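> Heads up: the sequence shown runs through residues 1 to 480, numbered per full-length UniProt numbering.
Note that CB positions come from ideal geometry on N, CA and C, so glycine has one too.
Note that the structure is predicted; figures quoted are calculated from it, not measured.
Dropping a structure here in structure tokens format, bear with me for questions.
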Amino acid sequence: MSETVAERRARIRSGIPKEPDPSVPPPKRLLTNHLFWIGVALLFTYAILLVLLYQQVVPDREVPGGRLIGLGTEALPKAAWYAALTAIPLSLIFFFADRFRPQRLWIWLLVFGWGACVATFVSANVNSWAASQLSIIGDGDPATGARAAIFVAPFVEESTKATVLFGIAILMRYRMVSRISGIVLAGLSGVGFAFVENILYYGRVYRYVAQTFGPITPLEAMQSLAFQRGLLTCFGHPLFTSMAGIGLAIAIRHKSKVVRIVAPVAGFCAAAFLHMAFNTTATLVSGPTLMFMYFGVALPLVLAMIIFVVRQMFREGRLIRERLTDYHRLGWLLDVEPQSASRLRTRLRALWHALFLGPYEFIDTVRAQRTLTELAYLRDAITRGIIDDAGLRREKILLARMQELRGRAVLHPTGRARYPKLSFRRKAEIENYPAPSYPGPAGIGGYFPAPNSAAPGSVPLGQTATQYSEVDPNWKPPSQ
């Protein structure tokens, strides 16, 4: 089904991706995809910025007013290990939250890399320059002053972390279908930023304690800071940047032009304000007041965000069920498909069943679930007026694809999965009994071995086989 020039312009205007041509070889399709080359350019950029950041923070450097102690090659692997203990679990949590229509793996990696490489490098240099303009001095590093952490860092860091979200919204706004999508992408950018920032903090405290005399060792100092930053306040950067992700997701899924302008700005301001409040509390507040701010303000905010995400997951499930029910009423989908596609547990169970049927069935099940989810969000966008008539062509393509996959994919699993039959029983060991030679317990149909004294052929058969026991001839009945 070839598209005309008008249809192509309408598709691009609505952000709908082009359906790949199966006649074109996959390598050619990959090399002609502009998103592939954007990803390659970003990877090269990440590598260059990591090298530049390494040269800035690892070796010792002479700065105006003193000598800036670097991380050193000894502290770097230890700091990276403790920072990874926080980054890996948080990333897995965000991966799990993005379940209904998960982003592609390379998008997750690029967003994480943006926060870890681009955002940290730009923020470190801009913060240092802005702090030097405020004439802040602290051990030769102008970025260690309180005013830089309160008035400069929140706006710089939140803007650099959220930039990748706006890039995705421009290039792939069709993929951002819910507030959960904005939260996940923003959270991964924040996790990447916190990962590299924790490496810098852990390495600095390790190197500082190693060059001074004190009651604790450098490793103990690093572990203490890792407990504070990596456990107690690990929610900081992901929580802040999630505000910008929510604002951007609301703008994309809304028809009003006013909301599309105000929502991202409001989300960024909320992220910067939370970041500013956090830095102010951590810098200027101590003692019982700090504990009250932590348990009375910070943790309730985190709990509220968790509740919001869980409610959004249930809300997205209801949205998928309602939109797919429209197609069921028209006869395009079966009655069980809207219910199965809207429940995470049923979707995971279907994947588990398909896993034991074979690789092709598993791939078809994944494609069917993605097709149904995209169909539901496309229907929602059409009803909202976000996508014009260009979505009708995409709708027909998805319905035709679903017709092809329905016979092979597992959509509504019932019963148990087809587990492979594995025999763990050992065969009973058979003793080497001698061959039976006469009827009886060890003969034909017998159950016990013949006695060792009975050799084959030594026992008579027939009438002569009757033997009597010896009787005492002097035996008689007892006398009366």
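Could you tell me the alpha carbon to alpha carbon distance between R394 and G15, rounded to whole angstroms?
Within the sequence shown, the letter at position 394 stands for residue 394. Within the sequence shown, the letter at position 15 stands for residue 15. Taking the straight line joining both Cα atoms gives about 11 Å.
> Could you tell me the distance, in whole angstroms, from the CA atom of residue 487 to the CA atom of L49?
Since the first and last residues shown for the chain are 1 and 480, residue 487 lies out of range.
> Determine the direct distance from the alpha carbon of T281 to that of A84, and round the result to whole angstroms.
Here residue 84 corresponds to residue number 84 of the sequence shown, with the count starting at 1. Here residue 281 corresponds to residue number 281 of the sequence shown, with the count starting at 1. One C-alpha to the other measures close to 26 Å.
> Does the count of Cβ pairs from the segment 220–229 and the segment 75–90 closer than 8 Å reach three?
The segment 220–229 is in contact with the segment 75–90.
> Please report the distance separating the alpha-carbon of L53 from that of F235.
Reading the sequence shown from its first residue, position 53 is the one you call residue 53. Reading the sequence shown from its first residue, position 235 is the one you call residue 235. Looking at the two C-alpha atoms, the distance is approximately 24 Å.
> Between F121 and W108, is the Cβ-Cβ spacing less than 8 Å?
One-based indexing of the sequence shown puts residue 121 at position 121. One-based indexing of the sequence shown puts residue 108 at position 108. Going by C-beta atoms, F121 is not nearer than 8 Å to W108.
> How would you call W114, buried or exposed, if buried means at least 16 neighbouring beta carbons within 10 angstroms?
To locate residue 114, count along the sequence shown from 1; it is residue 114. When all chains shown are included, W114 counts as buried.
> If you compare alpha carbons, which of I199, Y377, R349 is closest to L76?
The sequence position of residue 76 within the sequence shown is 76, counting from 1. Minimum Cα distance to L76 is reached at I199.
> Using DSSP with H/G/I as helix, E/B as strand and the rest coil, what is E158?
Counting from 1 along the sequence shown, the entry for residue 158 is found at position 158. Of the three classes helix, strand and coil, the one that applies to E158 here is helix, per DSSP.
> Pick from E220, G230, P215, F308: whose alpha carbon is nearest that of I180?
On the sequence shown, position 180 is the one that residue 180 refers to. When only C-alpha atoms are compared, the closest one is F308.
> Hey, could you find the ends of the alpha helix (DSSP H) G245 is sitting in?
Residue numbering aside, residue 245 sits at position 245 when the sequence shown is read from its first letter. G245 -> alpha helix (DSSP H) spans 236–252.
> Inspect the CB distances between the segment 371–390 and the segment 351–361 and report whether three or more fall short of 8 Å.
Contact fails: fewer than three Cβ-Cβ distances are below 8 Å.
> Can you name the residues that DSSP bridges to E62?
As a first step, residue 62 is located in the sequence shown; it is residue number 62 there, counting from the start. Answer is R67, bridged to E62.
> Below 8 Å between beta carbons: does that hold for G39 and L110?
What you label residue 39 is simply residue 39 of the sequence shown in a count that begins at 1. What you label residue 110 is simply residue 110 of the sequence shown in a count that begins at 1. Yes, these two residues count as a Cβ contact at 8 Å.
> Let me make sure I understand the geometry here. Which of N125, A124, V152 has the alpha-carbon closest to that of L134?
Here the question's residue 134 lines up with position 134 in the sequence shown. If we check each option's Cα against that of L134, V152 comes out closest.
> Does the segment 297–312 come within contact of the segment 239–248, defined as at least 3 CB pairs closer than 8 Å?
Judged by Cβ distances under 8 Å, the segment 297–312 makes contact with the segment 239–248, as three or more pairs qualify.
> Is DSSP giving S340 helix, strand or coil here?
Counting from one through the sequence shown, the residue named residue 340 turns up at place 340. Three-state DSSP puts S340 in a helix.
> Check the C-beta distance from M176 over to I246 and give it rounded, since I have them as a contact under 8 Å.
On the sequence shown, position 176 is the one that residue 176 refers to. On the sequence shown, position 246 is the one that residue 246 refers to. Not really, about 11 Å apart at Cβ, beyond 8 Å.
> Output needed for G230: all residues of its chain with C-beta closer than 8 Å, excluding positions within five of it in sequence on either side, in chain order.
Along the sequence shown, one-based indexing puts residue 230 at 230. Once the five neighbours on either side are set aside, the close Cβ partners of G230 are Y82, A83, L85, T86, N198.
> Is it true that the CB of A148 sits closer than 8 Å to the CB of residue 487?
No statement about residue 487 is possible, as the shown extent of the chain runs from 1 to 480 and does not include it.
> Please name the residue, chosen from R418, F362, I386, that lies closest to residue 481 on a Cα-to-Cα basis.
This structure leaves residue 481 out entirely; the chain is present only between 1 and 480.
> Taking the alpha-carbon positions, what's the L334 to S256 distance?
By one-based count along the sequence shown, residue 334 stands at place 334. By one-based count along the sequence shown, residue 256 stands at place 256. Distance between the alpha carbons of L334 and S256: 35 Å.
> Between the segment 375–390 and the segment 11–27, do at least 3 Cβ pairs fall closer than 8 Å?
Contact holds: three or more Cβ-Cβ distances are below 8 Å.
> Quick one, are the C-beta atoms of R367 and R323 less than 8 Å apart?
Here residue 367 is taken as the residue at index 367 of the sequence shown, counted from 1. Here residue 323 is taken as the residue at index 323 of the sequence shown, counted from 1. No; because the gap between Cβ atoms is not below 8 Å, this pair is not in contact.
> Where K161 and E74 are concerned, what is the direct C-alpha to C-alpha distance, given to the nearest angstrom?
Position 161 of the sequence shown, counting from 1, holds the residue named residue 161. Position 74 of the sequence shown, counting from 1, holds the residue named residue 74. Cα-Cα distance, rounded: 29 Å.
> Among F273, P17, M243, A376, which one has its Cα closest to the Cα of A263?
Translated into the one-based positions of the sequence shown, residue 263 becomes position 263. Comparing Cα-Cα distances from A263 to each of F273, P17, M243, A376, the minimum goes to M243.
> With P413 and R349 assumed to form a contact (beta carbons below 8 Å), what rounded beta-carbon distance in angstroms separates them?
Position 413 of the sequence shown, counted from the start, is the residue given in the question as residue 413. Position 349 of the sequence shown, counted from the start, is the residue given in the question as residue 349. About 5 Å separates the two Cβ atoms, so the contact holds.
> Going by C-alpha distance, which of R204, N125, P102, V196 is nearest S178?
Your numbering for residue 178 matches position 178 in the sequence shown. Cα-wise, what sits closest to S178 is P102.
> What is the DSSP secondary structure of P264, reduced to helix, strand or coil?
One-based indexing of the sequence shown puts residue 264 at position 264. P264: helix per DSSP, three-state reduction.
> Rounded to whole angstroms, what's the CA-CA distance from residue 548 to I150? Just pull it up for me.
In the structure as shown, the chain begins at 1 and stops at 480. Residue 548 is therefore absent and cannot be evaluated.
> Taking L71 as the reference, which of Y206, T365, K28 has the closest Cα?
Within the sequence shown, the letter at position 71 stands for residue 71. Residue Y206 is the option with its Cα nearest to L71.
> Looking at A409 and T346, is the spacing between their C-beta atoms short of 8 Å?
Along the sequence shown, one-based indexing puts residue 346 at 346. Along the sequence shown, one-based indexing puts residue 409 at 409. Contact flag unset, no.
> What does the Cβ neighbour count give for P218, buried or exposed, with the cut at 16 atoms within 10 Å?
By 1-based counting over the sequence shown, the position of residue 218 is 218. So P218 counts as buried.
> Starting from L357, trace the alpha helix (DSSP H) both ways and give me its first and last residue.
Position 357 of the sequence shown, counting from 1, holds the residue named residue 357. It is not in any alpha helix (DSSP H) - L357 carries neither H nor E in the DSSP assignment.
> Let me know the secondary structure DSSP gives V177 once reduced to three states.
Indexing the sequence shown from 1 puts residue 177 at position 177. V177 falls in the coil class under three-state DSSP.
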